[in-house]
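Numbering (the working numbering), first residue to last: 281 to 399.
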C-alpha cells in the first residue's frame, strides 16, 4: 500500500518482496544514526494521519543463502503512536530469498554511520 507513495518520491521498491522480514536483534537494541533516505508526511492511508519513514542499507547473511542486499524499513514511531514495535525488531525489505524460513539464524550488516547496535 505504501510502495506507490515511496515511488512517487523517488524510491522504487519493485526489486523487493511485497512484505517485510521482521528480525529480532535481541538482546541488542538498535539506535538510528543517519538513514540513507527519509520521507516526511507520507499520506498513504485514507483515514490514518501522515507518517514519516526512513530507510537504511542492510546486508543479510545466512547459512546456505547467498548474501542479500536490501533496506531496513523504519516507520517513525512518533508519527504512529498506536503502532507498537518492539525495540529489538527491524523490518527488512529484501528480494524473495529461497532458503529463508521462520526461525532461520541470520546475521545482518548495517553501515555504522546509519545505525548502531547496543546491549
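Even glycine gets a Cβ: it sits at the ideal position worked out from N, Cα and C.
Under the DSSP assignment, residue 285 falls outside any beta strand (DSSP E), being part of the alpha helix (DSSP H) whose first and last residues are 283 to 287.
Straight across, the Cα-Cα distance linking residue 340 with residue 325 is about 30 Å. Collapsing the DSSP output to three states places residue 315 in coil. Our two residues, residue 315 and residue 351, have alpha carbons roughly 10 Å apart in a direct line.
Just so you know, the alpha carbons of residue 327 and residue 360 end up roughly 13 Å apart. Listed as beta-bridge partners of residue 305 by DSSP are no residues whatsoever. Going by DSSP, residue 327 is part of no beta strand (DSSP E) at all; its letter is neither H nor E. Taking C-beta atoms as the reference points, residue 286 and residue 319 count as a pair closer than 9 Å. Between residue 305 and residue 372 the beta-carbon gap is near 11 Å, outside 8 Å, which marks them as no contact. Counting along the chain, residue 379 sits inside no beta strand (DSSP E), nor does DSSP assign it H or E at all.
Less than 9 Å separates the beta-carbon of residue 353 from that of residue 300.
A Cβ-Cβ separation of about 6 Å places residue 368 in contact with residue 309 under the 8 Å criterion.
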